[in-house]
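Below you'll find the structure, written out as structure tokens, and then a few comments.
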Amino acid sequence: MGWDAFGLPAENAAFEKQVDPAQWTNDNINKMKNQLNLLNYGFDWDREFATCNPEYYKWTQELFLKLFERGLAYQKEAFVNWDPIDQTVLAEEQVDADNCSWRSGAKVEKRLLNQWFIRTSAFAKLLIEGLNDPILKEWRDIIKIQQHWIGECSGVSFELQLISNIPNFPKSINVWTDNPEFIEYAKFIAISPSNLLNRSEYCSRINDGIKIMDAKVINPFNGKELPVFVTDQVEFQPFRETYLGIPSASMNDYQFSEIVRIEFQRHSIRSYEEQQQKILEVTSKAKKWKIGGYPVSPRLQDWLISRQRYWGTPIPIIHCSNCGAQPVPRDQLPVTLPKITFSFSNKKPTLLDAKDWLNTTCPKCGGQATRESDTMDTFVDSSWYFLRYIDPKNTKEMFDIDKVKKVFPVDLYVGGKEHAVLHLYYARFMSYFLYSEGLIPSAEPFKQLLVQGMVMGKTYQQKSTQKYLKADEVEEKGGEWVEKNTNEPVIVSWDKMSKSKHNGIDPLELLDKYGIDTTRLLILADVAPTSNRNWSDETIPGIINWQNRLWRIMKSFINCRNNISLEELQAKPTDPKFEDDDAYMFDSRNYFLKTVTFNITGSQQLSVAISRMQGLTNSLHKVCSECMQKSREFERALAVQIIMLAPVAPHFASELWAAFCSIEHHLINESEVKLDKDVMEQDWPDIDMDYRMVITLTVNNKLVKKIKVPRYKLDQLSAEDALDLVVNDPDVQRCLKNKKVAQTNFLSKAGCDAKMMIVTEKKKETVAT
Numbered sequence: 185m186g187w188d189a190f191g192l193p194a195e196n197a198a199f200e201k202q203v204d205p206a207q208w209t210n211d212n213i214n215k216m217k218n219q220l221n222l223l224n225y226g227f228d229w230d231r232e233f234a235t236c237n238p239e240y241y242k243w244t245q246e247l248f249l250k251l252f253e254r255g256l257a258y259q260k261e262a263f264v265n266w267d268p269i270d271q272t273v274l275a276e277e278q279v280d281a282d283n284c285s286w287r288s289g290a291k292v293e294k295r296l297l298n299q300w301f302i303r304t305s306a307f308a309k310l311l312i313e314g315l316n317d318p319i320l321k322e323w324r325d326i327i328k329i330q331q332h333w334i335g336e337c338s339g340v341s342f343e344l345q346l347i348s349n350i351p352n353f354p355k356s357i358n359v360w361t362d363n364p365e366f367i368e369y370a371k372f373i374a375i376s377p378s379n380l381l382n383r384s385e386y387c388s389r390i391n392d393g394i395k396i397m398d399a400k401v402i403n404p405f406n407g408k409e410l411p412v413f414v415t416d417q418v419e420f421q422p423f424r425e426t427y428l429g430i431p432s433a434s435m436n437d438y439q440f441s442e443i444v445r446i447e448f449q450r451h452s453i454r455s456y457e458e459q460q461q462k463i464l465e466v467t468s469k470a471k472k473w474k475i476g477g478y479p480v481s482p483r484l485q486d487w488l489i490s491r492q493r494y495w496g497t498p499i500p501i502i503h504c505s506n507c508g509a510q511p512v513p514r515d516q517l518p519v520t521l522p523k524i525t526f527s528f529s530n531k532k533p534t535l536l537d538a539k540d541w542l543n544t545t546c547p548k549c550g551g552q553a554t555r556e557s558d559t560m561d562t563f564v565d566s567s568w569y570f571l572r573y574i575d576p577k578n579t580k581e582m583f584d585i586d587k588v589k590k591v592f593p594v595d596l597y598v599g600g601k602e603h604a605v606l607h608l609y610y611a612r613f614m615s616y617f618l619y620s621e622g623l624i625p626s627a628e629p630f631k632q633l634l635v636q637g638m639v640m641g642k643t644y645q646q647k648s649t650q651k652y653l654k655a656d657e658v659e660e661k662g663g664e665w666v667e668k669n670t671n672e673p674v675i676v677s678w679d680k681m682s683k684s685k686h687n688g689i690d691p692l693e694l695l696d697k698y699g700i701d702t703t704r705l706l707i708l709a710d711v712a713p714t715s716n717r718n719w720s721d722e723t724i725p726g727i728i729n730w731q732n733r734l735w736r737i738m739k740s741f742i743n744c745r746n747n748i749s750l751e752e753l754q755a756k757p758t759d760p761k762f763e764d765d766d767a768y769m770f771d772s773r774n775y776f777l778k779t780v781t782f783n784i785t786g787s788q789q790l791s792v793a794i795s796r797m798q799g800l801t802n803s804l805h806k807v808c809s810e811c812m813q814k815s816r817e818f819e820r821a822l823a824v825q826i827i828m829l830a831p832v833a834p835h836f837a838s839e840l841w842a843a844f845c846s847i848e849h850h851l852i853n854e855s856e857v858k859l860d861k862d863v864m865e866q867d868w869p870d871i872d873m874d875y876r877m878v879i880t881l882t883v884n885n886k887l888v889k890k891i892k893v894p895r896y897k898l899d900q901l902s903a904e905d906a907l908d909l910v911v912n913d914p915d916v917q918r919c920l921k922n923k924k925v926a927q928t929n930f931l932s933k934a935g936c937d938a939k940m941m942i943v944t945e946k947k948k949e950t951v952a953t
């Protein structure tokens with residue numbers, strides 16, 4: 185368990201409560217840890233850490249320095265998104281389509297500030313190609329989300345120098361081109377009218393509505409100055425407001441050059457080999473000069489990590505007037521947050537308020553210098569934390585490389601879909617970077633994803649002010665919701681649970697009312713982990729009824745067994761239903777064991793797994809009393825029921841298991857279960873070898889038939905054997921109708937059903953024209 189403990193939400197809440205952010209954060213960690221312990225979750229508390237502890241963020245700072253040394257962390261002036269409420273910069277990814285902050289909801293402003301960036305564009309092509317890695321499992325639509333975010337890396341971006349006498353003017357401009365081989369022949373820069381540089385004080389008007397800026401761009405590949413125009417007469421790429429004009433490579437640029445009377449000579453590249461050589465030459469120079477040169481899509485920008493707030497990881501940089509930006513020496517890490525006295529006025533504190541802390545000496549020349557006053561975006565803290573779990577007590581390095589090699593990448597990663605773009609993208613970037621440094625064994629960090637939905641709470645807002653209200657502050661009148669005190673109309677909706685929205689549920693209230701296991705089952709039942717859930721306790725009666733049915737079945741089983749002698753137990757059954765019920769128990773045990781196992785370990789559909797467990801309870805309830813009394817298959821099915829229940833309701837399952845083991849005579853084979861051990865110490869049950877498993881057969885993606893095969897045969901089937909088995913089936917032969925089989929795929933895993941897919945050759949048609 186780790187605590188992502190830095191950031192705006194914690195700082196804002198602490199400021200509102202008028203307590204120090206460190207105190208507020210630690211108090212909340214202790215409270216939540218207590219709740220998790222009361223729910224008896226099996227976290228490994230020996231590996232616990234919090235991102236706000238210096239023992240952790242020392243290594244976040246070390247990671248920053250590695251990026252800085254590789255030229256992947258850099259500072260530049262840029263127009264950035266400023267949140268006027270939270271009083272900090274936001275990355276482009278943290279501003280929605282309506283130009284509002286994702287945190288505060290305020291309309292963002294643009295400010296020209298000197299900010300720190302991480303050059304994620306350097307790995308864009310690798311990150312997009314990595315989405316085809318066969319290691320990735322169950323990523324589903326997340327792959328498409330990542331592909332859309334990164335985009336096709338069809339061009340190259342460059343950071344070019346701007347020169348101007350205009351005060352407070354940016355020093356560089358980022359341009360993108362899909363013709364990098366022609367960049368030395370570029371003749372102009374165009375800026376969209378919607379760009380922030382389109383200001384009257386920056387430009388003078390010329391013909392046809394085109395403005396020319398009082399600034400030039402230096403083309404580093406030939407040393408010449410390029411004029412800058414404000415116009416909508418060039419074709420800007422999506423998400424781009426700047427354009428590099430190359431008349432030699434584009435007819436549109438040729439025509440625009442004629443309009444603005446720019447002279448140029450035509451240039452051409454004779455062959456593909458010459459083109460590739462030229463691209464390599466240009467991009468190599470750009471990388472050497474640290475101005476870009478990486479293949480990237482037009483939409484992707486580098487990651488802005490500067491935050492003008494106190495509660496975050498300090499950026500380990502010292503600014504010297506003589507030596508420039510210098511990294512803090514490794515032996516001085518961590519750069520810890522200074523203690524600040526919080527006055528709780530309207531101004532929220534930043535590191536600029538820590539005057540003594542800011543003043544330091546330059547590690548290079550020893551002269552007077554100043555610490556960096558920005559802190560890092562909290563996504564930096566959470567972009568590598570999964571690696572720290574492997575080696576959380578290491579005080580000498582981020583992690584031991586040999587330990588990481590044994591267990592990385594992560595087998596299963598559970599995360600909300602709201603993190604399918606940003607967090608996942610940043611985590612993948614850091615993983616690719618560390619892989620390039622030889623520190624981890626694979627580039628992709630997560631093999632399998634489980635993207636869980638959000639738990640939504642009922643939310644009440646004043647219609648006039650949008651202020652969030654508590655549930656006890658509102659009431660329903662005549663089918664409409666109003667505020668009790670004012671009778672003002674109230675908007676009711678479902679939203680992500682949040683303290684600020686007063687729509688959360690305290691787990692302790694549920695624990696006090698229903699107990700641990702009923703609460704756990706309530707959380708897991710009814711809704712799949714991947715779906716959003718509008719929180720309701722209306723399903724509690726059904727869960728309690730199921731638990732009561734299980735307990736009644738166990739009591740009946742104990743009564744049946746304890747009121748019979750060993751001789752009577754071994755005597756031949758007399759009820760005519762016994763044989764059918766015994767076979768029904770064999771089938772039920774295997775069927776529900778198979779489906780529950782798949783839904784826990786395969787699809788992670790825990791709600792479906794619980795539903796299947798309830799199905800087995802129904803089967804146990806249906807059989808005659810003599811089957812309950814004398815059937816070994818009933819006893820085996822009951823044991824499986826309890827063992828499968830244990831991961832989700834461990835306390836209830838332990839009580840059931842203690843009762844199950846208490847009977848005097850058992851028919852179950854003791855090689856299957858350990859009757860002298862608790863339920864949590866049992867092996868997961870196995871499907872019987874003679875149980876008939878299913879091969880689902882599809883031809884050209886159409887379901888043809890389901891063929892049943894005993895498990896011992898299915899486990900031994902090769903792809904060739906499976907094909908021989910299915911093509912001889914009459915239904916399959918009718919479907920194939922003498923068509924040739926072009927491709928087959930046999931998907932099988934021990935103890936699971938299988939799938940046989942057949943694709944036939946398409947008829948070749950001759951088209952006359």
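Quick note on our numbering: the sequence shown kicks off at 185 and runs consecutively.
The beta-carbon is built from N, C-alpha and C at its ideal position, and this holds for glycine as well.
From a predicted model like this one, the values you see are computed outputs, not experimental measurements.
Taken atom to atom, the span from the alpha-carbon of Y241 to that of E672 is near 47 Å. The stretch 567-587 and the stretch 605-623 touch, with three or more beta-carbon pairs separated by less than 8 Å. When secondary structure is reduced to three states using DSSP, G339 falls in the strand class. Contact between the stretch 313-320 and the stretch 284-301 is absent, with fewer than three C-beta pairs closer than 8 Å.
Taking 8 Å as the upper bound for CB-CB distance, T779 and L734 are not in contact here, some 18 Å apart. In this structure, DSSP gives T520 a state outside helix and strand, which the three-state scheme calls coil.
Cβ contact annotation for S305 (same chain, cutoff 8 Å, sequence separation greater than five): S341, G476, Y478, V480, L484, Q485 and D486, in chain order. Within the stretch 222-275, the complete alpha helix (DSSP H) segments of 4 residues or longer fall at 238-253, listed in chain order.
Straight through space, the alpha carbons of D701 and S791 are spaced by roughly 15 Å. Secondary structure note for H503: its beta strand (DSSP E) is the uninterrupted segment I501 to C504. Its Cα nearest to that of L247, the residue I501 stands out among F353, I501, A370 and I269.
Contact check for L829 and M797: beta-carbon distance about 6 Å, within the 8 Å limit, so the pair qualifies.
The beta carbon of R816 lies closer than 6 Å to those of L851 in the same chain, with the five residues before and after it left out. It is roughly 51 Å from the alpha-carbon of I463 to the alpha-carbon of M681. One thing to note: L410 has its Cβ no nearer than 7 Å to the Cβ of T361. For D565, there is no enclosing beta strand (DSSP E); the enclosing alpha helix (DSSP H) has its first and last residue at T562 to D565. In the three-state DSSP reduction, E409 falls in the strand class (E or B). The alpha helix (DSSP H) runs of length 4 or more contained entirely in the stretch 673-711 are, from start to end of the chain, 691-698 and 700-708. If you draw a straight line from the Cα of I394 to the Cα of E659, it comes to about 59 Å. Annotation: K806 to K642 spans about 40 Å, alpha carbon to alpha carbon.
The stretch 774-809 is shown to contain whole alpha helix (DSSP H) runs of 4 or more residues at 790-806, in chain order. Distances from the CA of G226 to each of L521, M185 and K371 were compared; the closest alpha carbon is that of M185. For P834, the number of other beta carbons within 10 angstroms of its own is at least 16, and it is reported as buried. Taking C-beta atoms as the reference points, V676 and Y652 fail to come closer than 7 Å. For W719, no alpha helix (DSSP H) segment is defined, and its DSSP state is neither H nor E.
Secondary structure within the stretch 414-481: the alpha helix (DSSP H) runs of 4 or more consecutive residues, fully enclosed, are 435-443 and 456-472 (chain order). With a threshold of 16 other beta carbon atoms within 10 Å, K814 meets it and is buried.
Relative to H503, the option among C549, E465 and Y494 whose CA is nearest is C549. In this structure, the beta-carbon distance from E195 to W541 does not fall below 7 Å. Every beta strand (DSSP E) of 3 residues or more that sits fully in the stretch 293-332 is shown, in chain order, as 293-302. The beta-carbon distance between A275 and D561, rounded to whole angstroms, is 7 Å. This is short enough to meet the 8 Å contact definition. Taken through DSSP and simplified to helix, strand or coil, V591 comes out as helix. A538 and N212 have their C-alpha atoms roughly 26 Å apart.
For S356, the enclosing beta strand (DSSP E) stretches over residues S356 to T361. The beta carbon of Y619 sits closer than 6 Å to the beta carbons of A627 from its chain, once the five residues preceding and following it are set aside; these are given in chain order.
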